[in-house]
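For reference, the structure is listed below as structure tokens.
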Amino acid sequence: MLAFTGLETVANLAEETREPGRTLPRSLFSAIGLVVVLTTAVAAVGVAAFPVENDQTELGERWLRAPLAGIVDALGAHLPDVLADALLVYVGLTGALVLLAAATTSISGFTRLAHSLGEHRQLPASFGRLNRRTLVSPQAIVSVSVISIGLVIGSRVVDDDVAALASLYSFGVLLAFAAAQLAVLRLRLTEPDLPRPFRAPLAAPMLGAPLAIAFWIVAMVTHPAARYAGPAWLAVGLVLYLVVRRRARVGLLADVEPVTQLPAGAEFERVLVPMKLGPIGEEMVATAVALAKERGATVDALFVIVVPLDRELDAPLYELEEQAAASLAEAVLLGEEHGVRVQPVTVRARALGKSIVDQASESGDDLIVVGSSPRWRRQSLFFSPTVDYVLRTAPCEVLVVAFPQGVLEDVV
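Be aware that the sequence shown starts at 1, since it is given in this note's numbering, and climbs by one per residue.
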């Protein structure tokens, strides 16, 4: 299991992938195959360098914690001293960098997972709020640091600290893999029509779930650290879950939908929301109104009439003007229903992004709310040119509402 450390972190980065349904399976399967090939190759070379004699090999004793360094040391006898020393230094440095990268990705995955659990009331809500400067939850960073230090210190108490940490890792990963396989089977039964960009053969989870559970039981039986520390960790998590759900007055099995939140410490009195016709505009205005209601702010609803270059800036565009009036009227009505003052604004411009930034400067807005369509994440830009321009030049905070794949594909 340790050879595949870090591959599970790929799932935590799905939101930053332009085409997760196509890109993630390809990259994940390629990585798994590469790990198998490299691990097998290293094992073959290691056994060739340190042959097994009387059921023992130096690779499993002297070089147990640094097998690659042992292989290089064995090869050094057949190389010039300078080259052998350089190769040994290279292996040591790359090993340290790999460990650093693994630790970094693990921390990144922990913070993302903690943020999601906090949003869904499976951890305290503070874990679901991002810091304004770092864009991660400070509670998550502190927690992962304390837990990591505690694990390292605790592992020193046992005789074989490496085996103890490895068994704990296998305990958690096997349990998570089993839960994921069972979740796939349940979704196939309860949500058969759910859109699936990638669909694994049903035999995979049907075979994987019992195997993962079987290996998990073996880890529990054969490793004391997994047998005692693993269940204790689960018990602590269960108690924390019960406390969080009770304080939030949410059922133990109830689904909790995350709400749009600003980073902690973000304060504002005026919110600017660019308008667009149809459900896109309604969704963005609803988000702005909800935020304004929470903070007691007002909303500037901006409708930009983009004038073609072949027309005068003040040329009559009656149809667009009527659409703007109707759209803004709906925004004002929505604000009245929620007790939020919505100020309608109509401007004419050549470029949408520049007009949004100019209006924010002129009105003294503290926050701009814009939407990001998933179709841009499938192209060369993560955001549309309009959203990218606003993010780069806005005089105030910008909140980007990123819609998932298949939802409001036409948003700017």
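Note that the Cβ used here is the ideal one computed from N, Cα and C, for glycine as well.
Let me know if residue i comes out buried or exposed under the rule of 16 or more other beta-carbons within 10 Å of its beta-carbon.
i    : result
I147 : exposed
M275 : buried
Q379 : Summary for Q379: the model assigns pLDDT 49, below 50, so the residue's position carries little reliability; its value from the coordinates is reported in the next sentence. Per the 10 Å Cβ criterion, exposed.
R121 : buried
D159 : exposed
G353 : buried
P20  : buried
T39  : exposed
E112 : Per the sequence presented here, residue 112 reads as Arg, with Glu not at that position. So R112 ends up on the buried side.
H338 : exposed
V36  : exposed
F29  : exposed
D81  : exposed
N123 : It is Leu, not Asn, that sits at residue 123 in the sequence shown. Answer is buried; the Cβ neighbour count reaches 16.
Helix or strand or just coil, what does DSSP make of residue i?
i    : result
S30  : helix
Q359 : helix
P80  : coil
L367 : strand
R270 : strand
G252 : Before going further, note that residue 252 is Leu rather than Gly in the sequence given. Three-state result, L252: coil.
R348 : strand
V398 : strand
V157 : coil
S145 : helix
S106 : helix
L123 : coil
L58  : According to the sequence provided, residue 58 is Glu. The question's Leu does not apply to it. Note: E58 maps to helix in three-state DSSP.
F303 : strand
A326 : helix
S170 : helix
S137 : coil
S384 : coil
V285 : helix
E257 : coil
E53  : strand
Q379 : Because Q379 carries a pLDDT of 49, less than 50, the predicted location of this residue cannot be relied on, and the following value inherits that uncertainty. Coil.
V340 : coil
Considering only the beta carbon of each residue, do residue i and residue j sit closer than 9 Å?
i    : j    : result
D366 : F268 : yes
S355 : V304 : yes
L334 : E282 : yes
L309 : R350 : yes
V369 : T298 : no
T393 : V357 : yes
V332 : V345 : no
V340 : V398 : no
G95  : I71  : no
S155 : V162 : yes
V390 : G371 : no
F110 : A140 : yes
R22  : P197 : yes
L79  : A49  : no
L253 : L242 : no
Check the C-beta distance from residue i over to residue j and give it rounded, since I have them as a contact under 8 Å.
i    : j    : result
R129 : S137 : 6 Å
P201 : Q181 : So it is not a contact: roughly 12 Å between Cβ atoms.
A413 : G92  : For the chain, the structure presents residues 1 to 412; residue 413 sits outside this window and is missing.
S361 : P395 : 5 Å
R246 : G364 : That pair is no contact at about 43 Å.
L328 : A292 : With 8 Å as the limit, L328 and A292 do not qualify as a contact, their Cβ atoms being about 16 Å apart.
A212 : L174 : 5 Å
L165 : L185 : That belief does not hold up - the Cβ atoms of L165 and L185 are roughly 31 Å apart, past 8 Å.
S413 : A102 : Residue 413 is absent from the model: the chain starts at 1 and stops at 412.
Less than 8 Å separating the Cβ of residue i from some heavy atom of the ligand COA?
i    : result
D160 : With respect to the ligand COA, the structure shown offers nothing to examine, as it has no ligands at all.
Cβ contact check for the region 137-155 and the region 200-219: 3 or more pairs under 8 Å: no
Quick test of the definition: if touching needs 3 or more C-beta pairs under 8 Å, does the region 47-56 touch the region 78-90? no
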